[in-house]
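Undergrad: Terminal number for the sequence shown in my numbering: 421, no gaps in between.
Using N, Cα and C, we set each Cβ at its ideal position, and we do this for glycine too.
Values in this document were obtained by computation on a predicted structure and should not be read as measured data.
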Amino acid sequence: MCADLWSFALSTYARPGVEAACLRLQQQGADVCLLLCGAWLEQRAVTATAERMQALKQIARPWQAQVIEPLRHVRTQWRGMAQQDEDLASLRERVKALELDAERQLLTRLQTLAQAWPTGEPMDPGLWLEGLAAEDATNLDHDALQQLRVVATST
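See below:
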C-alpha cells in the first residue's frame with residue numbers, strides 16, 4: 267500500500283487497463299485526480315461522507331478549471347501540428363510536463379486535506395469513486411469506474 271497519494275496514483279495508473287479507463291472517464295467529465303484520490307481513500311478505509319467529498323471537490327474544481335484544463339487544452343490542440351513541427355513537438359512535451367506537475371500539485375493538496383481523516387474505518391466499498399464521479403461526469407462509464415476500483419484496491 268502506498269503511503270502518499272502521488273505514489274499511489276503513479277503505481278495505479280501504470281497498471282494494465284487503468285490509463286484507458288481513466289481517459290474514458292476523463293472524456294466523460296470525471297476528474298481523474300479526484301477519482302485516484304477516492305481510490306486511495308478507499309484503499310486506506312477512510313469513511314466516505316458528503317462533507318469530505320465536498321471538501322475535496324472545493325479544492326479540485328478550481329485547480330482543474332484554472333490550471334490543469336488550460337494546459338491540457340493547449341497540449342491537445344497542438345497534437346496534430348506537433349507531428350509536423352519538431353520545435354512545436356518539443357514545446358508540447360514541456361506543456362505535457364507542466365500538466366503532469368499541475369496534477370501532482372493537485373494530488374498533494376488533496377492529500378494534505380485528507381491525511382487527517384481516520385483510516386481503518388468500516389466502510390461501504392465504492393462510495394468514494396461513485397460519489398466523486400457522479401455529479402461531474404455525464405453518461406458515466408461504470409465499467410471503467412469498476413476497473414479503476416478493482417485495480418486500485420488490489421495495489
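#1: Suppose the cutoff is 8 Å on Cβ atoms and the five residues either side in sequence are ignored; what does the same chain contact list for Leu291 look like?
#2: For Met347, does the count of other Cβ atoms within 10 angstroms reach 16, so buried, or fall short, so exposed?
#3: Could you give the C-beta distance for Thr419 and Glu308, rounded to a whole number, given that I count them as a contact under 8 Å?
#4: Counting beta carbon pairs with one atom in the stretch 366 to 383 and one in the stretch 279 to 294, are three or more of them shorter than 8 Å?
#5: For Arg310 and Gly386, what's the separation of their Cα atoms in angstroms?
#6: Would you kindly work out how many angstroms separate the C-alpha atoms of Arg358 and Cys288, rounded to a whole number?
#7: Out of curiosity, what's the CA-to-CA distance linking Thr327 and Gln350?
#8: Which class does Arg310 belong to by DSSP, given the choice of helix, strand or coil?
#9: Could you work out which residue in Gln332, Trp394 and Leu373 is closest to Thr313 when comparing CA atoms only?
#10: Just the Cα atoms here: how many angstroms apart are Ser356 and Arg345?
#11: For Gly346, report the span of its alpha helix (DSSP H) as first-last.
#12: What separation, rounded to the nearest whole angstrom, lies between the Cα atoms of Trp306 and Thr315?
#13: Report yes if the CB atom of Ile334 is closer than 8 Å to the CB atom of Arg375, and no otherwise.
TA: Let me spell this out:
#1: Val298, Leu301, Ala399, Ala403, Leu406, Asp407, Ala410, Leu411 and Leu414
#2: exposed
#3: 6 Å
#4: no
#5: 6 Å
#6: 21 Å
#7: At residue 327 the sequence reads Arg, which differs from the Thr that was named. Rounded to the nearest angstrom, the two C-alpha atoms are 34 Å apart.
#8: coil
#9: Trp394
#10: 11 Å
#11: Arg345 to Ala348
#12: 15 Å
#13: no
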